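First residue of the sequence shown: 1, per the UniProt record's numbering; consecutive thereafter.
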Amino acid sequence: MAYNTGNAPGSTDPRDLSDSSGDIDEWATSKTKLTHPDRLGVQRKTWHGIEQQVNDLIIAGGQIFPDEPTGRAAVGDGQYFYAESTNPDVSKTIYKRLSASVSELIADEPSIGIFDEVLRQRGNAPANSSASDLLTPGTYLLLPNNGYTEMPDEYDPAVLYFLYVSAPGDANGKNNSRYGMQTLIEFLPSVGDQRLMWERRFDRNNPGLGSVNKWSAARTHELELTKQRGVLPAAASVTDILSPGTYLLLPNNGYTEMPDEYDPALSYFLNVHAPGDANGNGITRYGLQTLIEFAPSSSGRRREWERRFDNQNPGLGADNGWIENRRYVDVDEAFKQRGVLPAAASATDALSRGTYLLLPNQGYTEMPNDYDPSVSYFLSTDAPGDVNGNGNSRYGLQTLIEFLPSNVSGVRRQWERRFDRNNPGLGSANNWSEVRASEQAPNWSKRTIVAFGDSITQGRLGFEWPPRLQQFTSANVVNGGFGGTRMAVHEGGESSVIYDPFSMYRISERVAADAAGDTANGWQVLIDAAITKDTELGGVEFEPIARAIANQDWGTVDYVVIAFGTNDFKGNVSLGTDTDMTGETFKGAINLTVANICASRPNIKIVFATPMWRARVNVDGDDSNITPNGGGVFLQEYVNAVIERAAAHQIPVIDMYSECGINIHNWERYIPDGLHIDSEQGVDLFARKIYGGLKRYYG
């Protein structure tokens with residue numbers, strides 16, 4: 001029982017001591033209460049409540065420890081912490097420390113990598129597939145007359161279609177969710193300039209699709225809204241212009257029902273928007289017209305007006321119903337280039353709208369805890385102004401973005417904070433928080449990557465990694481792999497002489513000759529050598545590969561991936577010395593290759609990929625960790641040579657030997673014959689490693 005005497009603190013009354021002892025027991029031992037009242041009725045935090053508050057502060061602070069043991073050592077029992085994950089599908093993991101030696105895994109947060117599955121290019125849908133057969137996320141191409149079923153009523157089997165499948169996964173973004181959506185779009189417009197489009201939802205546990213397969217038209221007339229309508233006829237009234245699209249109003253053409261500020265001596269665009277019925281068809285009763293100056297009439301800004309209309313009541317009222325749209329009057333202020341932020345400036349000194357450049361080692365203050373003063377950043381300040389978009393508002397947003405990516409994912413880190421111009425005190429960590437949701441894979445659709453290598457690059461049995469890299473990047477990826485070739489010279493026997501023109505040091509000579517306009521020593525040498533090889537030795541044809549390489553405009557090639565070494569190792573090629581500049585040794589061939597390409601084509605960015613671990617060198621079981629070549633040299637020494645020589649030239653390296661994850665325990669899944677990536681899993685892993693390296697170093 002509680003006596004609740006109300007006596008002041010310090011009372012020695014036995015009843016007060018009894019009440020206090022009960023309260024102390026609650027504060028110390030409760031596992032559910034965050035607070036408990038003292039004997040005077042004041043709520044006090046329990047020990048459990050204090051622990052919870054500390055946990056919340058640690059997680060809210062966003063500190064991410066490099067691994068679980070480091071985080072466990074930094075917090076107390078019962079506290080939560082973030083740790084980095086080695087799982088590529090996980091961005092970070094939340095743990096709860098149970099003791100000095102044990103933590104409990106609470107939850108994983110997904111990484112951006114898992115979303116790649118949703119964007120996967122799935123290729124041609126198999127003939128006679130039904131829509132229910134195509135539920136794996138990604139994009140499919142439906143070829144003509146291929147017997148596809150469960151299609152919309154309007155589906156024309158004689159034309160091409162794209163099929164997009166989205167299934168967002170579980171709560172962590174993993175796997176494929178039970179429910180999803182399919183969208184079918186014409187490859188070419190069948191109705192004027194409009195592509196027909198349908199969509200449907202699906203339930204993976206109940207694939208029966210019912211009436212019309214549950215497809216419904218989706219935005220089938222969206223292009224109508226952007227149709228180019230041409231010049232508005234002279235003397236036309238805008239009240240008569242209600243069909244969606246864009247019109248050009250010429251000067252001195254007698255147009256009527258214009259805004260009061262309309263200048264008949266100028267040209268204008270008129271955009272009409274009338275979204276149609278629930279299916280996007282026809283013209284709605286209500287719509288929107290927007291009038292925009294063709295060229296700015298004042299202050300370098302285009303004036304803009306808009307009005308709503310009612311098809312059944314076109315009377316427009318005062319000023320013909322037009323209202324000047326001032327939302328964009330000062331929009332350029334928000335994007336103003338503010339130049340370099342002065343040395344020793346604080347973030348609070350950069351509250352005027354626009355973009356600033358922060359140079360290295362300038363003593364900037366009020367930065368995020370993770371800010372690295374040795375690198376450059378962009379700082380964007382957004383303060384939307386008053387209701388008309390004028391001036392700087394009291395409240396705003398600042399975003400700090402790395403100029404170049406600093407982390408292994410190739411993604412630029414980004415932080416943001418809100419500010420109050422009347423209260424610039426920024427508090428703990430200057431109120432910055434890292435923005436992780438904005439991470440996006442780079443778009444390389446206009447870039448060219450040439451992949452040079454041996455049979456692992458050329459591919460066997462239909463397993464090639466360059467096409468998979470093209471899917472990941474949307475770049476133009478050229479497969480320049482020639483099976484059986486080396487970084488350095490081929491010696492001994494007629495076949496070695498035939499193969500030597502495809503060694504990397506020789507190919508680099510072709511690059512340099514092509515750049516110099518030396519056709520006698522350019523790509524035709526490679527093509528002729530390929531024809532000779534195909535004629536005399538047969539096997540997989542080299543000529544198409546050589547021609548694909550030669551047909552590139554090497555002045556516009558962006559990246560070259562160089563992946564050799566395993567055949568140099570097996571062929572007992574001498575490692576050589578660091579100063580060698582000859583194709584006779586492995587190190588010399590690397591030095592010569594870099595010099596030839598970088599000097600002749602400085603536009604090209606190179607990345608090396610080391611040889612992979614081999615499950616066999618001569619026979620099954622003699623893996624490359626324990627078996628040297630005929631010269632007594634281990635494959636790891638060739639790997640080290642690639643890493644060291646590339647570093648000497650400031651060229652990045654992807655360590656496929658130590659970091660690709662293929663080892664004595666799992667190799668059969670990835671390299672079934674112990675050497676080649678003759679499996680879907682092997683191709684995917686290899687391409688992802690190359691993709692990750694390119695993003696990391698050149699994203």
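Beta carbons: idealized from backbone N, C-alpha and C, even for Gly.
Quantities reported herein were computed from a predicted structural model and do not represent experimental measurements.
Please state the DSSP three-state secondary structure of residue i.
{"i": "valine 525", "result": "helix"}
{"i": "glycine 517", "result": "coil"}
{"i": "tyrosine 140", "result": "strand"}
{"i": "asparagine 124", "result": "strand"}
{"i": "tyrosine 638", "result": "helix"}
{"i": "glutamine 681", "result": "helix"}
{"i": "aspartate 133", "result": "helix"}
{"i": "threonine 582", "result": "coil"}
{"i": "arginine 229", "result": "strand"}
{"i": "leucine 316", "result": "Only weak support exists for where leucine 316 lies, its pLDDT of 46 falling under 50; the coordinates are left without a value."}
{"i": "threonine 348", "result": "helix"}
{"i": "leucine 163", "result": "strand"}
{"i": "tryptophan 444", "result": "coil"}
{"i": "leucine 397", "result": "strand"}
{"i": "glutamine 552", "result": "coil"}
{"i": "glutamate 659", "result": "helix"}
{"i": "arginine 72", "result": "helix"}
{"i": "threonine 577", "result": "coil"}
{"i": "isoleucine 531", "result": "helix"}
{"i": "glutamine 414", "result": "strand"}
{"i": "arginine 460", "result": "strand"}
{"i": "threonine 239", "result": "helix"}
{"i": "glutamate 434", "result": "strand"}
{"i": "tryptophan 667", "result": "helix"}
Check this for me: beta carbons of residue i and residue j, under 9 Å apart or not?
{"i": "aspartate 77", "j": "leucine 98", "result": "yes"}
{"i": "isoleucine 401", "j": "arginine 417", "result": "no"}
{"i": "phenylalanine 564", "j": "threonine 485", "result": "yes"}
{"i": "threonine 139", "j": "tyrosine 164", "result": "yes"}
{"i": "aspartate 349", "j": "leucine 341", "result": "yes"}
{"i": "isoleucine 507", "j": "phenylalanine 542", "result": "no"}
{"i": "valine 561", "j": "leucine 694", "result": "yes"}
{"i": "alanine 125", "j": "leucine 143", "result": "yes"}
{"i": "proline 264", "j": "proline 251", "result": "yes"}
{"i": "aspartate 156", "j": "tyrosine 179", "result": "no"}
{"i": "glycine 483", "j": "glycine 539", "result": "yes"}
{"i": "glycine 287", "j": "arginine 308", "result": "yes"}
{"i": "alanine 599", "j": "alanine 512", "result": "yes"}
{"i": "glycine 555", "j": "alanine 515", "result": "yes"}
{"i": "glutamate 257", "j": "valine 231", "result": "no"}
{"i": "tyrosine 670", "j": "leucine 635", "result": "no"}
{"i": "alanine 488", "j": "valine 573", "result": "yes"}
{"i": "alanine 347", "j": "glycine 363", "result": "no"}
{"i": "aspartate 558", "j": "arginine 447", "result": "yes"}
{"i": "threonine 381", "j": "threonine 355", "result": "yes"}
Please name the residue or residues paired with residue i in a DSSP beta bridge.
{"i": "arginine 200", "result": "Gln182"}
{"i": "alanine 83", "result": "Phe65, Thr93"}
{"i": "glutamate 304", "result": "Ile292"}
{"i": "glycine 339", "result": "Tyr356"}
{"i": "threonine 35", "result": "Lys45"}
{"i": "lysine 605", "result": "Tyr559"}
{"i": "threonine 149", "result": "Ser130"}
{"i": "serine 103", "result": "Arg97"}
{"i": "asparagine 271", "result": "Thr246, Thr290"}
{"i": "arginine 616", "result": "Asp620"}
{"i": "valine 450", "result": "Val478, Val560"}
{"i": "aspartate 310", "result": "Tyr286"}
{"i": "glutamate 402", "result": "Tyr377"}
{"i": "valine 653", "result": "Phe608"}
{"i": "phenylalanine 419", "result": "Gly396"}
Inset, instruction - Return the chain-ordered ranges of every alpha helix (DSSP H) run that is complete within the UniProt region "Disordered" (1-30) and spans a minimum of 4 residues. - result: Positions of the alpha helix (DSSP H) runs, each at least 4 residues long and wholly inside the UniProt region "Disordered" (1-30), are given as 14-29 in order along the chain.
Inset, instruction - Answer yes if the stretch 586-597 comes into contact with the stretch 634-642, meaning at least three C-beta pairs across the two stretches below 8 Å, and no otherwise. - result: yes
Inset, instruction - Identify every run of the beta strand (DSSP E) within the stretch 462-486, keeping only runs that are complete inside it and at least 3 residues long; order them along the chain. - result: Segments of the beta strand (DSSP E) lying fully in the stretch 462-486: 476-481.
Legend entry - the stretch 561-580 contacting the stretch 519-538, beta-carbon criterion three pairs below 8 Å: Using a C-beta cut-off of 8 Å, the stretch 561-580 makes no contact with the stretch 519-538, since fewer than three inter-stretch Cβ pairs fall below that distance.
Legend entry - Contact the stretch 672-683 vs the stretch 447-460: 3+ CB pairs below 8 Å: yes
Inset, instruction - Would you check if the stretch 260-274 and the stretch 193-207 touch, i.e. whether three or more CB-CB distances between them fall below 8 Å? - result: Cβ pair count under 8 Å is below three, so no.
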